[in-house]
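Report on one structure; see the data block that follows.
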Amino acid sequence: MRRGLVIVFAIAVGLLTSVPLTAHHTASTLYTEKIVTVKGVVKSWLWSNPHCLLTFDVTGEAGKVVLWRAETQAPNTAYTEGYRANSFKPGDEVTVTMRSAVSGGPFGLLAQVVLADGTKFGSVDSGRGRGRGGDPQ
Amino acid sequence: MRLRIDGYGKEMLGLLGAVLILAVSLFAQNGSTPKWPEPVPNRQAIAAKDKKPAPRRSLVGMWGSMPGNRQATNQSSGVQLKPNNGRPENQLPYTPYGFELYKSHKPLEGVDAVPPAGTNDPRVRCEPLGLPRHNHYDLGIQIFQDEFKIAMLYQYDSQWRVIWTDGRPLPKLVDGGGVEINGQYREPRWFGYSVGKWMDDYTLDVETVGTMPEQRVWLDNTGRPISDQLRIRETFRRVDYDTLEWSETIEDPKVYTRSWQTMKLPMMLQDPRTDLMTRYCSPSEVDAYNKAYGDAVSGK
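For the record, the sequence lines run as chains Y and S.
First residue of the first sequence? That's 25 in the numbering used here, and the numbers climb one at a time after it.
First residue of the second sequence? That's 590 in the numbering used here, and the numbers climb one at a time after it.
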């Protein structure tokens with residue numbers, strides 16, 4: 025599998041209101057309603073409060089590598105979405121679906137991560153659900 | 590050669606079989622290794638036919654959200670009955686001072702939320718939440734009790750609180766904060782001073798005073814204020830064996846013009862063997878999060 029294809033697709037989703045990301049901060053101040061999916065290579069996986077963080081490299085078609093960072097819930101909620109402390113290791117190829125950042129930078133709110141072997145964490149629906157006030161915790 | 594089994598032999602074989610079955614059964618009970626259940630309680634709904642009556646005067650157990658309703662116990666968008674979403678029915682009866690306090694808060698949740706880099710929520714500095722905010726934040730709890738008291742262990746930040754049920758009187762709330770007990774002044778505390786009284790075999794009323802002042806604590810994640818003149822009235826009603834209804838009303842004349850109900854929350858009994866995955870606040874982890882992500886995504 026070729027590493028680091030840039031953005032696969034972007035989908036605009038529905039109306040956002042003031043929405044909780046987790047019990048730490050709301051998603052509405054940081055993220056748009058746009059869902060993006062990218063492919064990349066894991067740099068690090070931080071299993072930590074207040075939010076778990078996935079950092080990964082995405083290589084553009086011109087060969088430029090961009091460092092992306094995406095967050096999900098605190099461990100006790102991320103656990104219910106299938107994430108574990110050892111879910112990812114540096115070098116893992118991942119397909120990451122997330123809500124894009126208001127700032128427009130390479131940041132996101134994780135909805136789903138899929139490893140090269142097909143193992144899935146979270147779900148695309150959970151990302152959209154959060155966007156409409158369906159925060160699981 | 591054929592083995593013949595007569596009547597006596599059959600009886601002996603039957604007895605031997607019974608002994609073997611009993612031995613296997615005993616091994617299964619005594620030799621089996623207890624398992625580690627999932628660290629996040631997730632009990633499914635109980636069928637009506639399986640419901641059992643509540644025990645008398647007992648709140649003991651690990652209590653979590655009802656199936657599919659974690660948002661209710663999380664209360665991240667404000668207290669359960671009054672989410673801070675800007676709707677007219679959820680406006681609060683602020684005093685002028687209370688409204689001024691509210692506007693000075695920069696919360697991470699609710700209709701007036703700011704990005705992480707701009708907040709002044711004391712929780713982000715890992716200050717204790719205090720009462721009643723602990724009731725409004727990622728609520729999951731274990732309850733133990735004896736003849737004198739009820740101890741409540743909150744999963745967030747592994748904090749605990751005591752409700753005295755031995756008949757002692759509620760301390761007198763003092764102007765300016767703190768309480769008077771036996772004629773002597775006692776300082777405000779994060780969980781205040783709580784006393785409870787069983788109203789019947791399944792209903793415990795609890796009153797709390799002497800909580801921390803407005804400079805130290807918030808009511809909820811959305812920056813609603815409370816002051817040191819707060820009175821918290823809680824009712825714990827054991828609906829049945831598996832269900833606890835937790836209601837709360839607050840009265841705070843410095844901040845609100847009248848008392849109002851914050852929650853009426855059904856909670857479900859969870860597996861008592863759960864080794865709970867607690868959520869905690871670590872200053873170094875918050876700092877690492879902000880440096881690695883929070884500040885940058887906020888545009889700081």
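A virtual CB, placed ideally from N, CA and C, is assigned to each residue, including glycine.
All values reported here derive from a predicted model rather than from experimental measurement.
Any chain S beta carbon closer than 8 angstroms to residue 103(Y): For this step, residue 103(Y) is matched to residue 79 along the first sequence. Output row for residue 103(Y): interface = yes.
Option in 696(S), 855(S), 843(S) with minimal Cα separation from residue 816(S): The count along the second sequence starts at 1 and reaches residue 816(S) at position 227. Answer by Cα proximity: 843(S).
8 angstroms Cβ cutoff, residue 845(S) in contact with chain A: No chain A appears in the structure shown, which is made up of the protein chains Y and S.
Beta-carbon contacts of residue 887(S) that lie in its chain and below 6 angstroms, excluding the five residues immediately before and after: Against the second sequence, residue 887(S) aligns to sequence position 298. Contacts found: 704, 705, 706.
Cα-Cα separation between residue 693(S) and residue 125(Y), rounded to whole angstroms: The residue you call residue 693(S) lines up with position 104 of the second sequence. The residue you call residue 125(Y) lines up with position 101 of the first sequence. Each residue's alpha carbon lies about 27 angstroms from the other.
Whole-angstrom C-beta distance between residue 809(S) and residue 725(S), which should lie under 8 angstroms: In the second sequence, counting from the first residue as 1, residue 725(S) sits at position 136. In the second sequence, counting from the first residue as 1, residue 809(S) sits at position 220. Residue 725(S) to residue 809(S), Cβ: 5 angstroms. Contact.
Boundaries of the alpha helix (DSSP H) in which residue 873(S) is found, first to last residue: To locate residue 873(S), count along the second sequence from 1; it is residue 284. 872 to 878 is the extent of the alpha helix (DSSP H) around residue 873(S).
Given 8 angstroms, three or more beta-carbon pairs between the region 747 to 755 of chain S and the region 769 to 778 of chain S: no
Closest by C-alpha distance to residue 690(S), when choosing among 847(S), 755(S), 805(S): Here the question's residue 690(S) lines up with position 101 in the second sequence. Per the Cα distances, 805(S).
Backbone secondary structure at residue 740(S) - three-state DSSP: Stepping through the second sequence from its first residue, residue 740(S) is reached at position 151. In the structure shown, residue 740(S) sits in a strand (DSSP, three-state: E or B).
Short-range partners of chain S found in the region 102 to 122 of chain Y, where Cβ spacing is below 7 angstroms: 103, 104
Per-residue DSSP class, three states only, for residue 149(Y): Locating residue 149(Y) in the first sequence gives position 125, counting from the first residue. Reduced to three states, the DSSP call for residue 149(Y) is helix.
Residue 125(Y) at chain S interface by Cβ criterion, 8 angstroms: Translated into positions along the first sequence, residue 125(Y) becomes position 101. Yes, residue 125(Y) lies at the interface with chain S (some Cβ there is under 8 angstroms from its Cβ).
Rounded separation between residue 853(S) and residue 834(S) - CA only: Within the second sequence, residue 853(S) is the residue found at index 264, counting from 1. Within the second sequence, residue 834(S) is the residue found at index 245, counting from 1. Straight-line Cα distance between these residues: approximately 7 angstroms.
With 16 other Cβ atoms within 10 Å as the buried cut-off, status of residue 745(S): By one-based count along the second sequence, residue 745(S) stands at place 156. Buried, by the Cβ-count rule.
Residues that DSSP places opposite residue 83(Y) in a beta bridge: Taking the first residue of the first sequence as position 1, residue 83(Y) is located at position 59. 89(Y), per the DSSP bridge assignment.
Burial state of residue 128(Y), where buried means 16 or more other Cβ atoms lie within 10 Å: As a first step, residue 128(Y) is located in the first sequence; it is residue number 104 there, counting from the start. Per the 10 Å Cβ criterion, exposed.
Delimiting residues of the beta strand (DSSP E) encompassing residue 133(Y): Translated into positions along the first sequence, residue 133(Y) becomes position 109. Taken as a continuous stretch (DSSP letters only), the beta strand (DSSP E) holding residue 133(Y) covers 131 to 139.
Chain Y contacts made by the region 769 to 793 of chain S, where a contact means CB separation under 7 angstroms: none
Residue 664(S), buried or exposed, once every other Cβ within 10 Å from all chains shown has been counted against 16: Your numbering for residue 664(S) matches position 75 in the second sequence. Buried.
Counterpart residues of residue 634(S) in DSSP-defined beta bridges: The residue given as residue 634(S) occupies position 45 in the second sequence. The partner list for residue 634(S) (beta bridge, DSSP) is empty, contrary to what the question assumes.
Chain-ordered residues of the region 740 to 773 of chain S with a beta carbon less than 9 angstroms from chain Y: 744, 745
Start and end residues, alpha helix (DSSP H) containing residue 660(S): In the second sequence, residue 660(S) corresponds to position 71, counting from 1. Taken as a continuous stretch (DSSP letters only), the alpha helix (DSSP H) holding residue 660(S) covers 659 to 663.
Residues within the region 841 to 867 of chain S neighbouring chain Y, beta-carbon criterion of under 9 angstroms: 865, 866, 867
6 angstroms CB neighbourhood of residue 870(S) in its chain, flanking five on each side removed: As a position in the second sequence, residue 870(S) is number 281, starting the count at 1. Contacts found: 715, 746.
Partner residues on chain S for residue 95(Y), Cβ-Cβ distance less than 7 angstroms: Reading the first sequence from its first residue, position 71 is the one you call residue 95(Y). Going along chain S in sequence order, the residues near residue 95(Y) (Cβ under 7 angstroms) are 882.
Partner residues on chain Y for residue 691(S), Cβ-Cβ distance less than 9 angstroms: For the purposes of this step, residue 691(S) is taken as the residue at position 102 of the second sequence. Correct list: empty, because the minimum Cβ distance to chain Y is about 16 angstroms.
At least 3 beta-carbon pairs within less than 8 angstroms: the region 676 to 685 of chain S vs the region 788 to 804 of chain S: no
Same chain only: Cβ atoms within 7 angstroms of residue 819(S), ignoring 5 sequence neighbours per side: One-based indexing of the second sequence puts residue 819(S) at position 230. Only 800, 839, 841 meet the Cβ criterion.
Cβ pair residue 698(S), residue 846(S) closer than 8 angstroms: Position 109 of the second sequence, counted from the first residue, corresponds to residue 698(S). Position 257 of the second sequence, counted from the first residue, corresponds to residue 846(S). For residue 698(S) and residue 846(S), no; Cβs fall outside 8 angstroms.
Any C-beta of chain Y under 8 angstroms from that of residue 875(S): Along the second sequence, read from residue 1 onward, the residue named residue 875(S) stands at position 286. Chain Y contact via Cβ: present.
Where residue 743(S) falls, given that 16 or more other Cβ within 10 Å makes a residue buried: For the purposes of this step, residue 743(S) is identified with residue 154 of the second sequence, where counting begins at 1. Result: buried.
Through-space distance from residue 139(Y) to residue 66(Y), alpha-carbon basis: The count along the first sequence starts at 1 and reaches residue 66(Y) at position 42. The count along the first sequence starts at 1 and reaches residue 139(Y) at position 115. Going from the Cα of residue 66(Y) to the Cα of residue 139(Y) covers about 10 angstroms.
Min CB distance residue 887(S) to chain Y below 8 angstroms: Taking the second sequence and counting its residues from 1, one reaches residue 887(S) at position 298. It does; some Cβ of chain Y falls within 8 angstroms.
Backbone secondary structure at residue 688(S) - three-state DSSP: On the second sequence, position 99 is the one that residue 688(S) refers to. Residue 688(S): helix per DSSP, three-state reduction.
For residue 675(S) and residue 101(Y), the rounded distance between their alpha carbons: As a position in the first sequence, residue 101(Y) is number 77, starting the count at 1. As a position in the second sequence, residue 675(S) is number 86, starting the count at 1. Their backbone Cα atoms lie some 27 angstroms apart in a straight line.
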